[in-house]
Amino acid sequence: MHRLYEPVCPMVEEATRAEEDPAVTFVRVRKLAEPIAGLARCESHRPTPRGGGRRPTPRLTEPWFCEPSPPRASSVLCSRRQQGL
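Numbering (this note's numbering), first residue to last: 684 to 768.
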């Protein structure tokens, strides 16, 4: 996990800023992780194309995530985000 942190964090941050499809980001993370884990890359893991009725995946930044009565985990995340952490 520690060896993945350095290359994955900036990649995910940039993908988030660019509003990249999360499925594409997941495949990119997997491409980084598999060799580090000693696994051969599996060609069957490809991003699911947008369209065909696929709805965008909700993110932790969605407005409803920090609305009244959130579960404990989300309230902790929301309070940290509001504090700029």
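Heads up, the beta-carbon is just placed ideally off N, CA and C, and yes, glycines get one too.
Do Met684 and Arg711 have their beta-carbon atoms positioned less than 8 Å apart in this structure?
no
With C-beta atoms as the reference, is Ala698 less than 8 Å away from Thr708?
yes
With Ala698 as the anchor, note down where its alpha helix (DSSP H) starts and where it stops.
In the DSSP assignment, Ala698 falls within the alpha helix (DSSP H) that extends over His685 to Arg700.
Could you please give the first and the last residue of the uninterrupted alpha helix (DSSP H) stretch that includes Leu715?
Run containing Leu715: Pro705 to Ile719, per the alpha helix (DSSP H) assignment.
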